[in-house]
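Quick note: the sequence shown, position 255, residue 284 per this note's numbering, numbers continuous. Where a beta carbon is used, it is the ideal one built from N, C-alpha and C, also for glycine. Source: prediction; values computed, not measured. Written below as structure tokens is the structure these notes are about.
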Amino acid sequence: MAVNMQVNLGGLVMKNPVTTGSGTFGSGMQYADFFDVSRLGAVTTKGVSAVPWEGGPMPRLAETPSGMLNAIGLQNPGVQHFKEVDLPWLAEQGATVIVNVSGHSVSEYVDCLQALEESEVPDAYEINISCPNVDAGGMTIGTDPKMVEEVVSACRACTKRPMFVKLTPNVTDIAEIARAAEAAGADAISLINTLLGMGIDIRTRKPLLARVTGGLSGPAIKPVALAKVWQVHNAVKVPLLGMGGIANADDAIEFMLAGATAVAVGAYNFVNPLATIEVIEGIERYCSDQGVSDVNELIGALDA
30 MAVNMQVNLG GLVMKNPVTT GSGTFGSGMQ YADFFDVSRL GAVTTKGVSA
80 VPWEGGPMPR LAETPSGMLN AIGLQNPGVQ HFKEVDLPWL AEQGATVIVN
130 VSGHSVSEYV DCLQALEESE VPDAYEINIS CPNVDAGGMT IGTDPKMVEE
180 VVSACRACTK RPMFVKLTPN VTDIAEIARA AEAAGADAIS LINTLLGMGI
230 DIRTRKPLLA RVTGGLSGPA IKPVALAKVW QVHNAVKVPL LGMGGIANAD
280 DAIEFMLAGA TAVAVGAYNF VNPLATIEVI EGIERYCSDQ GVSDVNELIG
330 ALDA
């Protein structure tokens, strides 16, 4: 049977409910040899900042059971390079584009957004207030409701395009943070970013990461991510972009049943470069098998 796969994520119309986790897909160039990136509901880019960021010291990646630790630190060449190289390429592909915006301070978020507003290419923004791998800003902003409101309000004043806010799970009450983002003008909430974690080499007695701690991602965090999506779904009215440990269509469907309008495949892109396409096809196949003619029927349909 024919299935309507189109969803509306806070004003962003997506041809299907699948995008990429920021930081796991670049801007899509590295994956273009495997598939046409315009097949995705959207491409969510790696974090972009107002000025170039060098990122964290080496080593900054470590494998863990059913996941990985990273302390990349949002390394990127800055918004001007992004506008000159990445955005034109994405436009040529015909992709729907969500730009992940990062900053150390309110002014840096604003400067980056103002620069991006000069381009017609971005379809939406994802404001990253949740990265655990930067020395200022990032997760420290996303754990304080007042700071969340300040940053999101300042970003909201910069643009009329759909704007999502990406939350950290490393808080006592994620619903409180989500409500603050909603009140400040977020059109949707993205969750979750990575969990704070670490690893130790017992032979050298040194941490696996130069920063000691980093962000844990991969299938290991899926149960936590699902719980956070369910909590926030019951706390706010704006739609949710769910992510955290999605490796296949079954995982994605769980997130939608818990309340997500759309989902992002993150760390599993490193394992299987076709993961996003397989998730799209798997969701459509599930709907057809279940007699579901519209994928939107899955959103929040958990029988609990």
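Check whether residue i and residue j have beta carbons under 9 Å apart
i	j	result
V324	G288	no
K195	I218	yes
V66	Q122	yes
T49	A71	yes
M34	G320	no
I328	M272	no
V180	P151	no
V32	S317	yes
L119	T74	yes
L38	F193	yes
R185	A215	yes
A153	P191	yes
E155	S246	no
G274	P252	yes
W259	L145	no
I221	V47	no
N99	G311	no
A249	L270	no
Near the ligand MN: residue i beta-carbon under 8 Å from a heavy atom
i	result
L331	With respect to the ligand MN, the structure shown offers nothing to examine, as it has no ligands at all.
DSSP three-state assignment for residue i, whether helix, strand or coil
i	result
E92	strand
G271	strand
A19	Because the chain is modelled from 30 through 333, residue 19 falls outside the range shown and cannot be assessed.
T290	coil
K195	strand
P302	coil
L255	helix
L238	coil
V324	helix
V36	strand
V47	strand
S182	helix
S56	coil
M30	coil
G329	coil
R8	The requested residue 8 is not part of the displayed model; the chain covers only 30 to 333.
G295	coil
D173	coil
A264	coil
A278	helix
D115	helix
Counterpart residues of residue i in DSSP-defined beta bridges
i	result
S246	M97
L225	G244
L41	L38
D230	K235
Test: residue i CB closer than 9 Å to a CB of chain D
i	result
F63	Checking the listed chains, one finds no chain D in this structure; it contains a single protein chain.
Between the stretch 273-281 and the stretch 129-139, are three or more C-beta pairs nearer than 8 Å? Flag = no, the stretch 273-281 and the stretch 129-139 do not touch.
Suppose only complete runs of 3+ residues qualify. What are the beta strand (DSSP E) ranges in the stretch 63-109, listed by chain order? Qualifying beta strand (DSSP E) stretches, in chain order: 90-93, 96-99.
Start-end ranges of the alpha helix (DSSP H) lying completely within the stretch 120-167, minimum 4 residues: Qualifying alpha helix (DSSP H) stretches, in chain order: 135-145.
Can we say the stretch 227-243 touches the stretch 200-219, given the rule of at least three CB pairs closer than 8 Å? Contact fails: fewer than three Cβ-Cβ distances are below 8 Å.
Check whether the stretch 235-243 touches the stretch 171-178, taking contact to mean three or more Cβ pairs, one atom from each stretch, closer than 8 Å. Per the Cβ contact rule, the stretch 235-243 is not in contact with the stretch 171-178 (fewer than 3 Cβ pairs under 8 Å).
For the stretch 298-309 against the stretch 73-88, do three or more pairs of beta-carbon atoms, one drawn from each stretch, fall closer than 8 Å, so that the two count as touching? No, they do not touch.
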